[in-house]
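4 protein chains.
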Amino acid sequence: MTDLVPTPTVPAPDIVRCAYMEIVVTDLAASRAFYVDLLGLHVTEEDEHTLYLRSFEEFIHHNLVLRKGPIAAVAAFAYRVRTPADVDAAEAYYQELGCRTERRREGFTQGIGDSVRVEDPLGFPYEFFYEAEHVERLTQRYDLYSAGELVRLDHFNQVTPDVPRGRAYLEDLGFRVSEDIQDSDGITYAVWMHRKQTVHDTALTGGNGPRMHHVAFATHEKHNIIQICDKMGALRISDRIERGPGRHGVSNAFYLYILDPDGHRIEIYTQDYYTGDPDNPTVTWDVHDNQRRDWWGNAVVPSWYTEASLVLDLDGHPQPVFERTDSSEMAVTVGADGFSYTRKEGAEAAGFKLGAQL
Amino acid sequence: MTDLVPTPTVPAPDIVRCAYMEIVVTDLAASRAFYVDLLGLHVTEEDEHTLYLRSFEEFIHHNLVLRKGPIAAVAAFAYRVRTPADVDAAEAYYQELGCRTERRREGFTQGIGDSVRVEDPLGFPYEFFYEAEHVERLTQRYDLYSAGELVRLDHFNQVTPDVPRGRAYLEDLGFRVSEDIQDSDGITYAVWMHRKQTVHDTALTGGNGPRMHHVAFATHEKHNIIQICDKMGALRISDRIERGPGRHGVSNAFYLYILDPDGHRIEIYTQDYYTGDPDNPTVTWDVHDNQRRDWWGNAVVPSWYTEASLVLDLDGHPQPVFERTDSSEMAVTVGADGFSYTRKEGAEAAGFKLGAQL
Amino acid sequence: MTDLVPTPTVPAPDIVRCAYMEIVVTDLAASRAFYVDLLGLHVTEEDEHTLYLRSFEEFIHHNLVLRKGPIAAVAAFAYRVRTPADVDAAEAYYQELGCRTERRREGFTQGIGDSVRVEDPLGFPYEFFYEAEHVERLTQRYDLYSAGELVRLDHFNQVTPDVPRGRAYLEDLGFRVSEDIQDSDGITYAVWMHRKQTVHDTALTGGNGPRMHHVAFATHEKHNIIQICDKMGALRISDRIERGPGRHGVSNAFYLYILDPDGHRIEIYTQDYYTGDPDNPTVTWDVHDNQRRDWWGNAVVPSWYTEASLVLDLDGHPQPVFERTDSSEMAVTVGADGFSYTRKEGAEAAGFKLGAQL
Amino acid sequence: MTDLVPTPTVPAPDIVRCAYMEIVVTDLAASRAFYVDLLGLHVTEEDEHTLYLRSFEEFIHHNLVLRKGPIAAVAAFAYRVRTPADVDAAEAYYQELGCRTERRREGFTQGIGDSVRVEDPLGFPYEFFYEAEHVERLTQRYDLYSAGELVRLDHFNQVTPDVPRGRAYLEDLGFRVSEDIQDSDGITYAVWMHRKQTVHDTALTGGNGPRMHHVAFATHEKHNIIQICDKMGALRISDRIERGPGRHGVSNAFYLYILDPDGHRIEIYTQDYYTGDPDNPTVTWDVHDNQRRDWWGNAVVPSWYTEASLVLDLDGHPQPVFERTDSSEMAVTVGADGFSYTRKEGAEAAGFKLGAQL
């Protein structure tokens with residue numbers, strides 16, 4: 001890739017974690033039914049245009065903002081930084097990169113203070129903030145605990161055409177790689193990157209982008225995820241279950257993908273592993289290993305590879321989508337042309353086995 | 001015991017299962033908060049005096065009737081029989097026993113048809129019915145499924161002074177013994193008896209009686225029971241958790257005992273075992289085995305042995321309570337005078353070990 | 001169907017439950033690795049030709065016999081009856097039906113006494129026995145409890161071309177229907193039938209038969225089933241996971257289908273519901289309801305419809321397989337020609353909705 | 001407190017997490033039965049004197065070293081630091097504090113490189129290291145996953161007489177407080193402190209010390225902990241279950257305390273919460289709140305307050321134990337003299353309620 005994002009000379013902001021996503025939805029009542037009535041996210045605040053939601057163990061104002069608008073899209077991937085000064089650092093960092101930035105001392109969303117939003121080099125609307133209103137952390141409010149309770153925001157997932165370019169940019173920004181998917185030609189199909197001590201705060205999935213692949217919430221246990229499926233069956237919306245539940249190869253988490261009324265994809269996720277050590281082993285999976293995306297070898301549906309949400313620029317217009325030119329994971333693994341294996345005889349004979357390094 | 005209940009010459013009714021309990025409570029609103037808001041039982045019907053509740057997978061009108069009255073007590077232990085004719089059989093059976101009986105073609109409670117109530121030889125108000133209104137079975141209404149959902153009525157537990165006498169009477173009535181607690185002198189402290197294919201539909205606990213020890217509801221999994229504890233903590237009523245959660249030695253079920261606003265004891269229970277074979281092995285536990293009542297050896301609190309609910313005669317007056325004259329389980333096992341063991345060296349050396357026959 | 005099985009004049013044997021299956025396998029060591037090392041069934045007894053296995057809470061000698069032989073097939077579907085005399089009753093019953101029978105006082109398998117085997121009217125090898133050697137019931141041997149422990153044999157599933165004919169025959173034999181799948185033309189695609197108080201002891205699946213569709217074992221909780229998937233992933237045999245895990249519409253159980261080394265299908269199953277009442281509501285599902293076989297709407301793979309095991313006659317020869325002539329469930333629901341729905345607008349408008357009666 | 005530990009002028013080492021504990025046991029075979037056969041920890045390496053064990057998801061050589069010796073005691077609380085230079089920093093830090101230190105380039109235990117051990121100001125043997133041999137991380141080795149699998153080392157717990165003194169010392173060392181227990185007179189009874197993003201890497205419990213209160217391992221789910229209890233029941237060692245299982249008030253984790261053959265206390269722990277934000281809210285509990293140590297109000301047994309393990313100096317001699325002079329948590333809360341509440345009427349009236357801030 002010739003078009004690498006340059007490494008700024010100013011220090012990167014110290015990012016703590018992914019903190020919230022702002023999503024534009026076309027029918028706020030339908031979205032409320034999905035996120036509040038079905039999924040049980042807790043309403044911190046709402047008005048006729050906007051819904052501020054948080055997970056059970058969150059203590060800042062929100063993890064998800066649903067804003068009514070004309071086009072379903074993502075308005076911000078927001079990260080919390082360690083200090084107020086890191087907002088300045090973020091602004092300087094992206095300005096040196098030549099990115100458009102916008103600073104608002106009063107914040108872009110309710111309950112959040114001084115923030116900077118940027119159109120990042122990959123075309124995504126990133127936000128950085130420190131100041132946040134503290135609200136009741138519901139951790140022990142078991143009187144409010146539903147059978148499918150979502151307890152934490154876990155991560156974002158972004159679709160981008162050039163994964164190595166995105167990876168290098170995010171490594172500069174301080175993210176560390178926990179796992180990736182490659183092939184023997186050195187093509188990278190996806191990469192998982194973290195700041196907090198889990199497998200990821202965000203991941204890059206190779207494909208036409210910039211687009212938002214999904215946003216993920218964590219549950220305490222696996223049965224909580226099964227309950228969400230069961231409830232969607234009871235509500236006769238099982239056609240909104242896109243993929244899973246299953247066990248990921250990558251990350252080892254138990255997972256489920258569902259679609260909101262606008263087609264925004266939500267993952268429910270539990271029990272990945274600790275990544276906080278400085279030499280945490282990176283796991284590389286072979287794209288042809290059919291246990292990489294589902295440890296049980298269950299098939300990935302094509303829509304999961306092809307569908308994703310538009311993202312907005314700072315004026316609220318959808319960013320143009322660029323095609324991936326590297327080979328696509330779906331093409332190389334699914335259907336008549338694809339190749340995948342459960343037991344890779346040759347690789348084992350050669351004394352090396354991708355995807356078995358965890 | 002010289003005073004055995006005679007065996008009637010007429011056939012016993014064919015009892016299917018324990019079906020519901022009618023309980024008198026002194027503050028209906030407080031009881032509603034406990035059974036509906038806290039425990040999540042489903043209201044089939046209610047008026048200002050009475051609440052009809054059912055569990056998640058029940059298809060007959062109710063498993064629990066809460067009726068407002070001046071004295072907290074139990075008005076009926078109701079069993080479902082196999083056919084309408086079995087109600088006649090029950091009436092004839094108890095009439096031959098010389099027990100007071102009352103027949104009501106329209107039923108004693110809403111949603112139940114032709115029934116007979118009796119003051120049984122042990123002093124308990126037993127009811128037998130076949131006709132029952134079918135209501136929506138909520139089995140797949142996961143939109144209504146709470147984190148601590150109670151899915152079935154499991155069993156009753158009755159306190160009676162003379163356990164062998166009660167056991168013989170219930171065996172005549174068609175109950176079969178799954179487990180019991182004895183000592184080496186042949187004293188029986190408690191016995192578990194079933195009609196349906198679980199460990200019990202009712203149990204007899206030795207003590208001053210007739211009194212109602214508890215009524216038990218089943219959950220699907222163990223975490224559902226833990227959630228009930230967590231919720232009681234959140235509501236700051238942890239002092240209504242009397243005992244558990246734990247694993248029973250007897251029955252092998254995971255359990256919890258809690259107290260309703262009147263002190264009626266409710267057990268939450270899950271995962272005992274199948275007992276439907278004609279030669280299902282009976283398990284006898286040594287009263288001194290400290291894993292018999294809690295497999296983990298956690299102590300039984302004294303109130304669990306001493307407290308129980310009054311039961312009513314057919315006029316609604318409390319039955320007098322008679323003292324147990326055999327030694328009490330609490331006296332022989334708890335405190336300075338009690339003896340119990342985790343590993344019974346002597347018994348094992350002798351090639352025989354009570355409580356290890358399951 | 002004109003060819004109904006006649007109703008015998010002699011009484012049917014009183015069947016207690018499905019008790020064990022005898023399966024012929026072609027590589028006993030490979031089967032031992034699957035059933036003992038992977039699934040953790042407990043070996044009661046074994047020699048170089050045969051393996052006798054039981055589940056965790058079983059107290060009779062075995063639930064599964066694996067016998068080495070030249071052709072993978074099923075040698076017996078064995079039911080336990082209530083009394084020794086019921087073996088005589090079974091023999092007389094099938095003799096009146098004109099079926100071939102064979103009586104062995106010493107039993108056909110180790111640990112089982114007086115038994116009769118028959119070639120039943122549908123072509124299946126059924127066995128009936130009462131006498132069984134009691135072995136250690138492992139219920140509280142948690143030192144032997146694996147993360148994916150199988151605790152009970154739950155049911156058989158048989159493929160037969162003419163489901164209504166099979167259903168009427170099994171109803172005569174004393175089985176009761178809990179659920180079925182039909183279409184609006186009155187074609188029955190499958191039926192679930194029970195003796196013990198669960199959804200089924202056996203089910204009939206419409207298709208070319210007689211063949212054995214699967215044999216099912218129960219776990220305590222859902223996570224136990226997930227562990228079996230995870231373990232198959234770790235062993236790199238995820239290609240032996242055929243379907244699931246998922247939630248059944250029919251039966252409401254959480255399920256998984258896996259394939260043994262000979263392709264015999266095993267279901268792992270948990271948490272169906274109590275069916276012991278005489279008027280237990282029967283649930284009829286519409287074949288076009290895509291939540292009937294998976295409550296979450298996940299697709300049924302074609303092999304699940306088409307593949308099944310041969311069954312043997314009493315000489316050990318495979319029974320010929322007859323084609324189903326009614327329409328096939330796969331044809332009417334899968335692929336380009338099939339039709340299925342998540343929300344059946346029309347049916348609801350008409351005030352009636354198949355598959356919503358549970 | 002007059003005797004504060006001075007704050008060094010040199011920077012504190014950057015501690016990543018608690019990493020392993022070295023424990024002296026008196027009967028290595030008995031300890032192996034407990035930690036390997038019962039608890040299922042994985043043996044990285046062993047010889048006749050020493051056992052090196054790790055949890056399921058660990059990738060460094062060990063989390064627990066069991067070394068045979070004459071006196072049951074703790075030889076080291078070992079922390080991993082971020083870089084090799086942080087070992088130098090630790091050595092300089094404690095030297096400035098006037099503590100005895102010992103540096104070993106080859107490490108004190110197998111699989112660990114350059115390390116420094118110190119006798120810290122509270123009398124505990126602390127170790128700091130960066131270099132560690134990587135071993136197979138078993139995360140997806142579900143073929144080795146037991147029903148009660150321990151997946152991570154979670155934390156240490158230390159008994160010390162003067163909790164505020166210890167807290168200030170550990171804050172200087174870079175630990176941050178997540179929760180504590182106080183009374184209205186300002187006495188601190190216990191404090192929880194973390195480096196990684198969980199509730200603690202170590203906690204200080206007020207009492208006679210320096211002693212080791214417990215070392216804790218995490219499971220994935222709650223049922224894994226219940227299985228450990230069930231297995232101890234099956235092995236007839238339920239008398240080694242000291243306290244629990246239960247839900248902590250502090251930390252919100254589901255917990256169990258068990259005792260190894262030497263009386264060293266092990267906690268099994270799951271599902272506390274994320275603490276990685278810089279302004280993570282600190283929770284202060286009232287010592288009289290009977291839900292602080294068990295959210296369900298179940299009693300804390302006296303041994304849990306009084307018993308703990310000796311710790312060794314760098315010569316391997318037990319450190320002398322000093323008495324706590326502040327009031328003891330047991331004295332103020334348990335028994336005839338103690339006071340505790342479930343609902344603190346007065347505090348609520350005053351508009352302030354300790355223990356409800358989470």
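Protein chains in written order, with the working numbering: chain A, 1 to 358; chain B, 1 to 358; chain C, 1 to 358; chain D, 1 to 358.
The C-beta atom is built at its ideal place from N, Cα and C for all residues, glycine as well.
Who pairs with residue i in a beta bridge, going by DSSP?
i	result
B/Pro125	B/Glu119
C/Arg406	Coverage of chain C is limited to positions 1 through 358, which leaves residue 406 of chain C absent and any answer about it impossible.
A/Ala157	Per the sequence shown, the amino acid found at residue 157 of chain A is Asn instead of Ala. According to DSSP, which records beta bridges pairwise, A/Asn157 is partnered with A/Ala203 and A/His214.
C/Val24	C/Arg67 and C/Ala73
B/Val177	B/Met193
B/Glu131	B/Glu131 is not bridged to any residue.
C/Tyr142	Its beta-bridge partners do not exist; DSSP assigns none.
D/Arg243	D/Tyr257
C/Gly209	C/Phe322
Please state whether DSSP places residue i in a helix, a strand or coil.
i	result
A/Arg167	helix
B/Gly355	Low confidence applies to B/Gly355: its pLDDT is 37, below 50, so where it sits in the model is not reliable, and the reading given next is rough at best. It is coil, neither helix nor strand.
C/Gln182	strand
B/Ile71	coil
D/Leu51	strand
D/Phe34	helix
D/Val191	strand
C/Tyr94	helix
D/Val151	coil
A/Thr101	strand
C/Gly233	helix
D/Glu221	coil
D/Val250	coil
A/Thr44	strand
B/Glu343	The sequence shown places Arg at residue 343 of chain B, not Glu. In the structure shown, B/Arg343 sits in coil (DSSP, three-state: anything other than H, G, I, E or B).
D/Val58	Reading the sequence as shown, one finds Glu at residue 58 of chain D and not Val. Coil at D/Glu58, not helix or strand.
Round the Cβ separation of residue i and residue j to the nearest angstrom and send it over; I've been treating them as touching at under 8 Å.
i	j	result
B/Phe128	B/Val87	6 Å
D/Val177	D/Arg165	In fact, because the Cβ distance is near 14 Å, the residues do not count as touching under 8 Å.
A/Ala147	A/Asn224	7 Å
A/Asp272	A/Val199	4 Å
B/Pro261	B/Ser31	6 Å
A/Ile181	A/Trp285	5 Å
C/Asp201	C/Phe156	7 Å
Sufficient close CB pairs (3 or more, under 8 Å) joining the region 10 to 27 of chain D to the region 62 to 78 of chain D:
yes
Runs of beta strand (DSSP E) wholly within the region 255 to 325 of chain D (minimum 3 residues, chain order):
265 to 270 and 283 to 286
Report yes or no: do the region 213 to 228 of chain A and the region 144 to 163 of chain A share at least 3 C-beta pairs separated by less than 8 Å?
yes
Any contact between the region 106 to 124 of chain A and the region 43 to 60 of chain A? By contact I mean 3 or more CB pairs, one from each, below 8 Å.
Yes, since at least three Cβ pairs between the region 106 to 124 of chain A and the region 43 to 60 of chain A fall closer than 8 Å, the two stretches touch.
Examine the Cβ distances between the region 121 to 141 of chain B and the region 311 to 319 of chain B and report whether three or more of them are shorter than 8 Å.
yes
Touch check for the region 283 to 303 of chain A and the region 237 to 247 of chain A: three-plus C-beta pairs under 8 Å?
yes
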